[in-house]
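Report on one structure; see the data block that follows.
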Ligand SMILES: Cc1cc2nc3c(=O)[nH]c(=O)nc-3n(C[C@H](O)[C@H](O)[C@H](O)COP(=O)(O)O)c2cc1C
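Numbering (the working numbering), first residue to last: 352 to 778.
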């Protein structure tokens, strides 16, 4: 069975006991959630076969597939649907204290199809949104979290939160959200649009000093595990990820959407999505961002491997997941869980069954019996370009040394004649 040293470094999720007092900047995670013990995959209708269960920061999930924060986690009805269909966990749409400040526009989505500009044919490969965080009153969202936890006590519900640059506001939000019984918090340090002027979302995730300060407030208050959701709209994503983990967060999620302009309508000359003739840059997601997300997750995983070798930190991979193979790639890079947002908007909640079946198919093919069997295995195959050149030169030298085939008829020898003949046969 494949093994990797990453497993011991990128969060084997062992329990460190509840909330030990830890000095600031201690890199050991402090909180594990013991309450939520998820039903097994079989009970949730997942096909039998390799074990998909995941244990992360003390949370037990029937499978690694998590609803990513966004439209699929906007209200009680849809989150209940996600649990009923068998999702491993649900991260709700991001909430803040005062939803009245959140004013959305419509249309707020624009799609990219595999075809030329304006093509109505071809599969959807990219998705832009200019949607803000939840515009529903916090009290209503909190009641719904509470109801869901009452009805699904053994399922994992994670609240996504975001606030202004204000310690009291962050800590009040954390207290009120935790009272509902949610199992963990994901901090939205990554919303790319709408809130920078209020020092929210990506405005914090792009500024390591600000991030460290805000993480300090959050981790001083939170009693459940905290995942910091990172923006890809930054030169080196491993820097804010390192700050978040050093500041006491138990995990990192990546990526949120990529700053984009979906396109210009060549008939009207107006950009998309078009609101009253105008647009604003938005966040790009879906299949087209998957390679970029893999790159960012690889960078974070490498950083975790080198800077937090003895930690119990978790990594959640996000971006363009539509198949079990897409998820396997994130896990091979070290992710404990995999989030899906746009994929659910395009294919519905039932897609989780296909995702589980495809991931199990991949596992069976390689004889992996659990997620930990292959988590992080491919990380070791990333190196620098300089090292690639050295490896290739070594390999060429070795091939030459083996001396396959003869350069010229003068090279035939009497003793090695049969072997020399063999070396030039192709089948
Ligand atoms: C319409 C839409 C709304 C989103 N809203 C949020 C949000 O409120 N909070 C958040 O953290 N991420 C939000 N996201 C980002 C997703 O959670 C995810 O990080 C991103 O879309 C990449 O994953 P995907 O390709 O599976 O969608 C949103 C994404 C979309 C498409």
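Note that beta-carbon positions come from the ideal geometry of N, C-alpha and C, so glycine has one too.
The structure displayed is predicted, hence computed values, not measured ones.
Contact under 8 Å by Cβ, residue i with residue j
i           : j           : result
residue 569 : residue 577 : yes
residue 446 : residue 510 : yes
residue 726 : residue 685 : yes
residue 651 : residue 605 : yes
residue 688 : residue 405 : yes
residue 668 : residue 659 : no
residue 733 : residue 649 : yes
residue 551 : residue 514 : yes
residue 646 : residue 673 : no
residue 713 : residue 675 : yes
residue 543 : residue 610 : yes
residue 561 : residue 527 : no
Cβ neighbour criterion (16 or more within 10 Å) applied to residue i
i           : result
residue 470 : exposed
residue 396 : For residue 396, the predicted structure reports a pLDDT of 43, less than 50, and the residue's modelled location is therefore unreliable. The matter cannot be settled from this model.
residue 402 : buried
residue 722 : buried
residue 775 : exposed
residue 512 : buried
residue 618 : exposed
residue 435 : exposed
residue 502 : exposed
residue 438 : buried
residue 495 : buried
residue 444 : buried
residue 728 : buried
residue 683 : buried
residue 628 : exposed
residue 630 : buried
residue 778 : exposed
residue 766 : exposed
residue 661 : exposed
residue 620 : exposed
residue 740 : exposed
residue 745 : exposed
residue 738 : exposed
residue 592 : buried
Of the residues the options, the one placed nearest residue i, counting alpha carbons only
i           : options            : result
residue 655 : 476, 503, 622, 594 : 594
residue 425 : 462, 489, 457      : 489
residue 556 : 531, 572, 608, 467 : 608
residue 468 : 614, 452, 432, 566 : 614
residue 582 : 644, 465, 622      : 644
residue 623 : 457, 518, 410, 436 : 457
residue 584 : 473, 597, 632      : 632
residue 516 : 418, 481, 558, 503 : 558
residue 691 : 683, 682, 703      : 703
residue 730 : 749, 448, 657      : 657
residue 321 : 506, 619, 579      : What the structure shows of the chain is the stretch from 352 to 778, and residue 321 is not part of that stretch, so it cannot be assessed.
residue 634 : 747, 417, 421, 416 : 421
residue 484 : 718, 770, 760, 538 : 538
residue 575 : 438, 676, 410      : 410
residue 642 : 678, 745, 591      : 678
residue 602 : 724, 664, 765      : 664
residue 532 : 666, 518, 497, 566 : 497
residue 534 : 586, 407, 736, 743 : 407
Sequence-distant residues of its chain with Cβ nearer than 8 Å to residue i (five each side left out)
i           : result
residue 573 : 382, 525, 529, 536
residue 476 : 463, 464, 465, 637, 638, 639
residue 757 : 763, 771, 774, 775
residue 377 : Any reading at residue 377 must be qualified, since the residue scores a pLDDT of 43, below 50, and its modelled position is unreliable; the value itself is stated next. Within the same chain, residue 377 has close Cβ partners 599.
residue 653 : 589, 730, 733
residue 394 : Reliability fails at residue 394, whose pLDDT of 47 lies under 50, so the model's placement of it is uncertain and no value is given.
Residues near residue i by beta carbon distance below 7 Å, same chain, minus five either side
i           : result
residue 400 : 711, 715
residue 612 : 622, 632
residue 455 : 482, 483, 486
residue 391 : The pLDDT assigned to residue 391 is 45, lower than 50, so where the model puts this residue is not dependable, and the model offers no usable value.
Nonlocal neighbours in the same chain, by C-beta distance under 6 Å from residue i, ignoring five residues either side
i           : result
residue 473 : 464, 465, 466
residue 461 : 479, 613, 623, 624
residue 301 : The chain is shown from 352 up to 778; residue 301 falls before or after that span and cannot be answered.
Integer-rounded CB distance, given that residue j should sit under 8 Å from residue i
i           : j           : result
residue 440 : residue 412 : 5 Å
residue 598 : residue 563 : 5 Å
residue 431 : residue 508 : About 11 Å; that fails the 8 Å criterion.
residue 481 : residue 459 : 5 Å
residue 423 : residue 696 : 7 Å
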